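Q: Dropping the structure in here first, questions after.
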Amino acid sequence: IPMYYMKITAYAEELLSELDKLPGWPEQVRLMQKNWIGKSTGVRFAFPFELDGKAEKLWVFTTRADTIMGVTFCAVAAEHPLATRAAENNPELAAFIEECKKGGVAEADLATMEKKGMPTGIFVEHPLTGEKVEVWVGNYVLMGYGEGAVMAVPAHDERDFAFAKKYGLAIKQVIAAEGQEFSLDGWQEWYGDKTRGSCVNSGKYDGLAYDAAVDAIAADLAAKGLGEKKVQFRLRDWGISRQRYWGCPIPIIHCPTCGDVPVPDEQLPVVLPENVEITGAGSPLARMPEFYETTCPQCGGKAKRETDTMDTFVESSWYFLRYACTDNATAMVDERVAYWCKGGIDQYIGGIEHAILHLLYSRFFTKLMRDVGLIGDLGEPFANLLTQGMVVAPTFYRELDGGKKQWINPADVDVVTDERGRPTGATLRADGQPVVIGGTEKMSKSKNNGVDPQALIDQYGADTARLFIMFASPPDQSLEWSDAGVEGAFRFLRRLWKTVYDHVQAGLVAACTGNNALSSAQADLRRKLHQTLGKVADDYGRRKQFNTAIAAVMELLNAYDKCDLADAAGRALAQEVLESAVLMLFPIVPHIGQALYDELKPGQDAGKQAFPKADPAALVQSEIELVVQVNGKHRGSIRVAADADKAAIEAAALASEGAVKFMEGKPAKKVVVVPGRLVNIVA
RNA sequence: GCCGAGGUGGCGGAAUCGGUAGACGCAGCGGAUUCAAAAUCCGCCGCCGCAAGGUGUAAGGGUUCGAGUCCCUUCCUCGGCACCA
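First residue of the first sequence? That's 80 in my numbering, and the numbers climb one at a time after it.
Here it is as structure tokens:
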């Protein structure tokens with residue numbers, strides 16, 4: 080049981096509400112955190128009772144106070160104090176409680192677990208009606224949430240319903256919905272739907288819908304001093320004690336006379352010993368008197384240093400702030416954090432598996448450090464978050480005697496494909512004998528499907544390996560590893576290299592800066608260049624989708640190859656295109672990028688250049704192509720002046736070959752013109 | 001069970017705001033070059049069809065001039081959560 084906690088629940092409300100102020104975070108992660116924090120609004124109230132001659136109260140929490148008149152019993156968790164007391168003179172109940180505490184912790188069992196319970200023999204009083212209500216111990220009640228006890232309304236809670244049916248407890252309908260018949264035969268969805276229906280069999284509350292009923296009942300409970308509205312969070316406090324070596328020591332000294340005393344500032348940090356013996360059983364620190372024997376900072380007497388260490392999530396919750404002040408040997412962080420991390424880290428990248436723990440702890444720590452004055456007004460650590468997908472790879476195996484599978488690394492396998500390229504079989508390269516093709520799964524040691532990128536780097540170079548990985552899929556998607564595509568990345572870089580070399584061979588020229596001297600085809604290429612510049616900047620900066628950025632540069636190079644650039648204007652344009660292409664790819668292929676840039680601009684450093692900007696003037700077109708559709712089907716295209724009005728476009732479209740053919744002489748019912756895109760003629 | 005993301009050619013994927021589905025690349029096919037091969041270059045490449053054309057984004061329905069994209073129903077895959085009162 081952990082002894083030290085971080086009071087993360089104190090920040091539950093802020094951690095939840097500020098999720099809405101993180102536009103740079105994936106929606107999915109924000110939602111997962113929202114569900115994890117789990118805010119629910121309800122009523123906390125008490126059932127009074129008398130036990131051993133003393134007046135007491137059984138507190139419960141409910142989001143369905145409107146069904147309070149339907150309570151037919153109460154249920155408490157096995158760990159609840161009332162259960163413990165009831166078990167004192169009831170061995171059968173004690174045995175049941177023991178059974179509950181033992182089993183049912185395994186997550187998979189919980190969903191299918193049968194509802195079980197046992198009466199305590201204790202009766203409490205309904206706070207509004209004064210009726211006697213029996214208290215049961217139920218294995219479906221959690222001690223760690225709310226009060227560890229619930230009011231049971233079998234008619235309107237699915238779990239209570241199942242429980243009541245099993246043990247023959249009363250079921251009292253107190254909510255009715257129009258057009259719906261309540262029956263004890265089986266659970267129906269609408270019984271528990273608070274958005275439908277209103278109170279019945281509930282005395283003065285009859286006819287009230289959910290909100291009004293909850294308000295009225297909460298007010299009545301409050302008037303009796305037995306309850307009030309309450310916000311409840313699912314989030315628990317963070318137990319940070321670990322009985323292990325790896326972690327920051329908890330700086331507390333236990334003194335028999337002074338109690339738990341913090342290690343004084345001047346003795347910090349408490350440093351882990353290095354001569355440890357790691358046995359795998361318990362913390363090595365607890366077996367090292369030279370570590371834990373110390374004196375009390377207050378009274379100077381013999382004392383024991385804490386041997387628990389902190390959860391390693393503690394340090395990972397603020398390490399990134401430390402980058403702003405790594406040379407400070409006397410403090411955790413200093414005022415430089417407020418400057419460098421203002422508004423949050425610009426871009427944080429991590430696996431989606433950190434969505435809840437690390438990313439929530441970090442947000443908590445940032446708020447905590449802000450509130451103790453360490454980092455100015457920085458309240459959220461990460462302005463933009465990118466969660467990357469997993470890398471998966473095909474698996475191969477052979478069935479050994481006894482059905483055990485021997486997993487074979489993809490690197491040792493040759494895959495045979497049919498004439499369409501579909502895999503039909505695979506053989507082990509070492510012996511040429513067949514192996515079974517398994518599924519495609521996350522790379523793991525157990526499936527032996529990990530691929531070391533070093534082999535690619537050795538064969539093709541780091542730039543090719545990087546280009547291939549970036550081109551294969553967007554970073555937030557999982558990537559299926561197959562080195563088939565590497566050839567394509569390699570070919571592209573070789574082609575770029577040759578293109579630059581051929582251009583430079585003919586002599587150096589200055590890059591084109593305007594469209595004046597260009598032929599129409601050259602102007603088209605220059606427009607393509609500046610469109611590409613805009614797209615790549617957007618893909619890198621906003622969309623974080625590098626595969627399409629690379630594809631756009633490939634398209635640009637394809638267009639370059641098709642364009643006649645032999646004249647002087649063409650040479651200047653070639654220079655502009657190639658300089659830009661190299662700079663666009665430079666973040667992904669820095670080695671080749673620098674080598675080529677040095678060819679194009681001798682002595683210049685590609686990494687020090689500004690990212691080239693799209694020139695709006697290069698994007699202007701005098702004539703544009705529009706698609707012609709008839710009844711939404713693509714039937715041809717027309718070329719019109721870029722500034723053509725709607726009437727002229729309609730006329731041109733109606734006169735086009737495709738329109739004439741498919742209209743078959745009928746008049747158009749309607750013509751839809753989508754500016755810059757298409758014309759749809761409705762027959 | 002609940003929440004979330006997704007399902008597009010032989011494959012990875014593109015289509016950013018409802019507007020030409022399949023960009024870009026891999027694999028494949030045909031050709032050029034070569035003594036031959038590698039490399040390179042040119043062309044083809046969803047499916048049916050000789051073609052005209054039809055059809056096609058998991059399945060079915062709907063909204064719309066127009067749907068991969070929006071709505072409803074169903075199926076499947078992946079990820080997260082797990083009786084949260």
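Built from N, CA and C at the ideal position, the CB exists for glycine as well. Every value quoted in this text rests on a predicted model; they were computed, and no experiment measured them.
For residue 666 and residue 487, what's the separation of their Cα atoms in angstroms?
A: Approximately 35 Å between the Cα atoms of the pair.
Q: What residue ranges within the region 197-230 form continuous beta strand (DSSP E) runs of no fewer than 3 residues, ordered along the chain?
A: Complete beta strand (DSSP E) runs here, min 3: 211-217.
Q: Can you check whether the CB of residue 269 is closer than 8 Å to the CB of residue 288?
A: The answer is no: Cβ separation not under 8 Å.
Q: Pick helix, strand or coil for residue 464, following the three-state DSSP scheme.
A: If DSSP states are grouped into helix, strand and coil, residue 464 belongs with the strands.
Q: Distance, Cα to Cα, residue 636 vs residue 477?
A: Cα-Cα distance, rounded: 45 Å.
Q: Buried or exposed, going by whether 16 or more other CB atoms sit within 10 Å of the CB of residue 512?
A: Residue 512 is exposed by the Cβ-count criterion.
Q: Leaving aside the five residues before and after residue 138 along the sequence, list all residues of the same chain whose C-beta is less than 6 Å from its C-beta, in chain order.
A: Correct list, in chain order: 125 and 226.
Q: Does DSSP put residue 705 in a helix, a strand or coil?
A: It is a strand residue.
Q: Exposed or buried, which one is residue 428 when buried takes at least 16 other CB atoms within 10 Å?
A: Exposed, by the Cβ-count rule.
Q: Which residue spans inside the region 321-356 form an unbroken beta strand (DSSP E) run of at least 3?
A: You should have 331-334 and 338-341.
Q: Along the beta strand (DSSP E) that carries residue 764, what are the first and last residues, could you check?
A: Shown here, the chain extends from 80 to 762; a query on residue 764 therefore has no answer.
Q: Closer than 8 Å by C-beta to residue 681: which residues in its own chain qualify, once you throw out the five before and the five after it? Chain order, please.
A: So the qualifying residues of the chain are 587.
Q: Apart from the five residues on each side of it in sequence, which residues of its chain come closer than 7 Å, Cβ to Cβ, to residue 312?
A: 88, 91, 116, 117 and 118.
Q: For residue 102, name the three-state secondary structure that DSSP assigns.
A: Coil at residue 102, not helix or strand.
Q: Output the distance between the C-alpha atoms of residue 381 and residue 374, rounded to the nearest integer angstrom.
A: C-alpha separation (whole angstroms): 5 Å.
Q: Let me know if residue 82 comes out buried or exposed under the rule of 16 or more other beta-carbons within 10 Å of its beta-carbon.
A: Counting Cβ neighbours within 10 Å, residue 82 comes out exposed, since fewer than 16 surround it.
Q: In this structure, what does DSSP give as the bridge partners for residue 760?
A: Per DSSP, 709 and 750.
Q: Check whether the region 574-590 touches the region 650-660, counting contact only when three or more Cβ pairs, one atom from each stretch, lie closer than 8 Å.
A: Result yes; three or more Cβ-Cβ pairs closer than 8 Å.
Q: Let me confirm a value: residue 378 is counted as buried when at least 16 other C-beta atoms fall within 10 Å, else exposed. Which label applies?
A: It counts as exposed.
Q: Rounded to the nearest angstrom, what separates residue 540 and residue 423 at their Cα positions?
A: For residue 540 and residue 423, the distance between alpha carbons rounds to 36 Å.
Q: For residue 762 and residue 705, I'd like the C-alpha separation in whole angstroms.
A: One C-alpha to the other measures close to 19 Å.
Q: Report the residue from 640, 595 and 690 whose alpha carbon sits nearest the alpha carbon of residue 614.
A: Ranking the options by Cα distance to residue 614, first place goes to 690.
Q: Would you please state the rounded distance, in angstroms, between the beta carbons of residue 122 and residue 276? I believe it to be under 8 Å.
A: With 8 Å as the limit, residue 122 and residue 276 do not qualify as a contact, their Cβ atoms being about 19 Å apart.
Q: Using only alpha-carbon positions, find the residue among 646, 724 and 367 that is nearest to residue 597.
A: It is 646.
Q: DSSP on residue 427, reduced to helix/strand/coil?
A: If DSSP states are grouped into helix, strand and coil, residue 427 belongs with the strands.
Q: Within this structure, are the beta carbons of residue 535 and residue 572 separated by less than 8 Å?
A: Not a contact, by the Cβ cut-off of 8 Å.
Q: Please report how far the alpha carbon of residue 653 lies from the alpha carbon of residue 642, in whole angstroms.
A: Their Cα atoms are separated by approximately 10 Å.
Q: Which of helix, strand or coil does DSSP assign to residue 538?
A: Of the three classes helix, strand and coil, the one that applies to residue 538 here is helix, per DSSP.
Q: Would you kindly work out how many angstroms separate the C-alpha atoms of residue 160 and residue 136, rounded to a whole number?
A: Whole-angstrom Cα-Cα distance: 12 Å.
Q: With C-beta atoms as the reference, is residue 349 less than 8 Å away from residue 342?
A: A contact, by the Cβ cut-off of 8 Å.
Q: Give me the Cα-Cα distance between residue 308 and residue 297, rounded to the nearest whole angstrom.
A: Distance between the alpha carbons of residue 308 and residue 297: 6 Å.
Q: DSSP state of residue 313, grouped into three classes?
A: Correct three-state label for residue 313: coil.
Q: Buried or exposed: where does residue 629 fall if 16 or more other Cβ atoms within 10 Å of its Cβ makes it buried?
A: Answer is buried; the Cβ neighbour count reaches 16.
Q: State the start and end residues of the unbroken alpha helix (DSSP H) segment that holds residue 560.
A: Per DSSP, residue 560 belongs to no alpha helix (DSSP H) and is neither H nor E.
Q: Taking C-beta to C-beta, are residue 594 and residue 697 nearer than 8 Å?
A: Cβ atoms of residue 594 and residue 697: closer than 8 Å.
Q: Could you compute how far the alpha carbon of residue 500 sits from the alpha carbon of residue 474?
A: Because residue 500 sits at a pLDDT of 47, beneath the cut-off of 50, its placement in the model cannot be relied upon, and the point is left open.
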